[in-house]
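Here the structure comes first, spelled out in C-alpha coordinates, and everything after it is commentary.
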Amino acid sequence: MSAPQSRVINAVVLTAGLMEKTVKVRVGGQKWNKHVRKYFNHPKTFLVHDPRSSLRAGDIIEISSGWRVSKDVRHVVSRIIAPFGEPIEARPSVMTEVERLEERRKKKQAKELRRAKIVTEEKIEESA
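In the working numbering, the protein residues as written are 57 to 184.
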(Lines of atoms letter the chains of each structure in order from A and count residues from 1; the text may use other names and numbers.)
(Lines give C-alpha, C1' and ligand atoms only; values in the text may rest on other atoms or scores of the structure.)
Protein backbone atom coordinates (compact mmCIF):
# COMPACT_ATOMS: atom_id res chain seq x y z
CA MET A 1 0.00 0.00 0.00
CA SER A 2 1.44 3.37 -0.95
CA ALA A 3 1.58 6.43 1.29
CA PRO A 4 -1.31 8.88 1.06
CA GLN A 5 -0.77 11.90 -1.14
CA SER A 6 0.05 15.02 0.83
CA ARG A 7 -2.43 17.87 0.83
CA VAL A 8 -1.70 20.76 -1.52
CA ILE A 9 -2.33 24.27 -0.15
CA ASN A 10 -2.40 27.63 -1.94
CA ALA A 11 -0.54 30.42 -0.14
CA VAL A 12 0.79 33.95 -0.55
CA VAL A 13 4.47 34.69 0.11
CA LEU A 14 4.85 37.35 2.82
CA THR A 15 8.62 37.55 3.19
CA ALA A 16 11.37 36.17 0.98
CA GLY A 17 15.13 36.63 1.08
CA LEU A 18 15.39 37.22 4.83
CA MET A 19 16.16 33.58 5.65
CA GLU A 20 18.29 31.32 3.50
CA LYS A 21 16.14 28.92 1.42
CA THR A 22 13.06 29.70 3.54
CA VAL A 23 10.04 31.95 3.01
CA LYS A 24 7.10 32.91 5.21
CA VAL A 25 3.66 32.35 3.66
CA ARG A 26 0.06 33.08 4.65
CA VAL A 27 -2.69 30.51 4.19
CA GLY A 28 -6.32 31.56 4.37
CA GLY A 29 -8.68 30.08 6.91
CA GLN A 30 -11.77 30.77 8.96
CA LYS A 31 -12.56 30.46 12.65
CA TRP A 32 -16.00 30.08 14.21
CA ASN A 33 -16.95 32.65 16.85
CA LYS A 34 -19.52 30.98 19.09
CA HIS A 35 -20.77 34.22 20.67
CA VAL A 36 -21.54 36.00 17.41
CA ARG A 37 -22.26 32.64 15.70
CA LYS A 38 -20.33 33.61 12.62
CA TYR A 39 -17.10 32.67 10.81
CA PHE A 40 -14.29 35.23 10.74
CA ASN A 41 -11.12 35.24 8.65
CA HIS A 42 -8.27 33.66 10.58
CA PRO A 43 -5.17 33.25 8.38
CA LYS A 44 -2.24 31.04 9.39
CA THR A 45 1.43 31.60 8.60
CA PHE A 46 3.92 28.86 7.79
CA LEU A 47 7.63 28.75 7.10
CA VAL A 48 8.21 26.97 3.78
CA HIS A 49 11.40 25.46 2.35
CA ASP A 50 12.45 27.02 -0.98
CA PRO A 51 15.54 25.01 -2.06
CA ARG A 52 16.60 27.31 -4.92
CA SER A 53 15.42 30.65 -3.47
CA SER A 54 13.14 31.22 -6.45
CA LEU A 55 10.27 32.97 -4.61
CA ARG A 56 9.63 36.69 -4.14
CA ALA A 57 7.28 38.47 -1.74
CA GLY A 58 3.77 38.64 -3.21
CA ASP A 59 3.96 35.39 -5.21
CA ILE A 60 1.00 33.04 -5.04
CA ILE A 61 2.34 29.51 -4.63
CA GLU A 62 1.30 25.93 -4.03
CA ILE A 63 2.84 24.18 -1.01
CA SER A 64 2.73 20.63 0.26
CA SER A 65 3.95 18.95 3.40
CA GLY A 66 7.48 17.61 3.26
CA TRP A 67 10.13 16.31 5.61
CA ARG A 68 11.24 18.66 8.36
CA VAL A 69 14.09 20.89 7.31
CA SER A 70 14.34 22.56 10.72
CA LYS A 71 12.29 22.95 13.89
CA ASP A 72 9.64 25.16 12.29
CA VAL A 73 9.93 24.42 8.55
CA ARG A 74 7.57 21.57 7.62
CA HIS A 75 6.34 22.46 4.12
CA VAL A 76 7.99 22.71 0.71
CA VAL A 77 7.17 24.70 -2.44
CA SER A 78 5.41 22.66 -5.16
CA ARG A 79 5.00 25.34 -7.83
CA ILE A 80 4.49 29.04 -8.46
CA ILE A 81 0.88 29.76 -9.45
CA ALA A 82 1.16 33.52 -10.08
CA PRO A 83 4.48 35.39 -9.87
CA PHE A 84 4.67 38.92 -8.49
CA GLY A 85 7.18 41.31 -10.04
CA GLU A 86 10.03 39.41 -11.68
CA PRO A 87 8.81 36.85 -14.28
CA ILE A 88 9.25 33.11 -13.66
CA GLU A 89 11.69 32.74 -16.57
CA ALA A 90 14.16 35.15 -14.89
CA ARG A 91 14.22 33.13 -11.64
CA PRO A 92 15.72 29.75 -10.73
CA SER A 93 13.20 26.97 -11.35
CA VAL A 94 11.28 25.37 -8.49
CA MET A 95 12.51 21.85 -7.71
CA THR A 96 10.17 19.00 -8.56
CA GLU A 97 9.47 16.23 -6.07
CA VAL A 98 11.72 13.84 -8.01
CA GLU A 99 14.61 16.34 -7.90
CA ARG A 100 14.12 16.86 -4.15
CA LEU A 101 14.16 13.11 -3.50
CA GLU A 102 17.28 12.66 -5.65
CA GLU A 103 19.10 15.46 -3.82
CA ARG A 104 18.11 13.96 -0.46
CA ARG A 105 19.36 10.52 -1.57
CA LYS A 106 22.73 11.99 -2.65
CA LYS A 107 23.15 13.84 0.66
CA LYS A 108 22.33 10.67 2.58
CA GLN A 109 24.87 8.64 0.58
CA ALA A 110 27.56 11.27 1.20
CA LYS A 111 26.78 11.16 4.92
CA GLU A 112 26.99 7.35 5.00
CA LEU A 113 30.41 7.51 3.29
CA ARG A 114 31.67 10.06 5.84
CA ARG A 115 30.40 7.93 8.73
CA ALA A 116 32.00 4.78 7.28
CA LYS A 117 35.30 6.62 6.91
CA ILE A 118 35.18 7.77 10.56
CA VAL A 119 34.41 4.24 11.79
CA THR A 120 37.32 2.73 9.83
CA GLU A 121 39.70 5.41 11.17
CA GLU A 122 38.58 4.64 14.74
CA LYS A 123 39.18 0.91 14.22
CA ILE A 124 42.69 1.59 12.89
CA GLU A 125 43.49 3.78 15.92
CA GLU A 126 42.20 1.12 18.34
CA SER A 127 44.29 -1.64 16.74
CA ALA A 128 47.47 0.49 16.78
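We put the beta carbon where it would ideally sit given N, CA and C, even for glycine.
- Per DSSP, residue 137 is one residue of the beta strand (DSSP E) stretching across 129–138.
- The bridge partners DSSP lists for residue 69 are 81.
- With a cutoff of 8 Å on beta-carbon distance, residue 136 and residue 144 are scored as near each other.
- As computed with DSSP, residue 151 is found in no beta bridge at all.
- The stretch 108–117 makes contact with the stretch 72–87; the number of CB pairs closer than 8 Å reaches 3 or more.
- Sixteen is the threshold: since fewer than 16 other Cβ atoms of the shown chains lie within 10 Å of the Cβ of residue 180, the residue is exposed.
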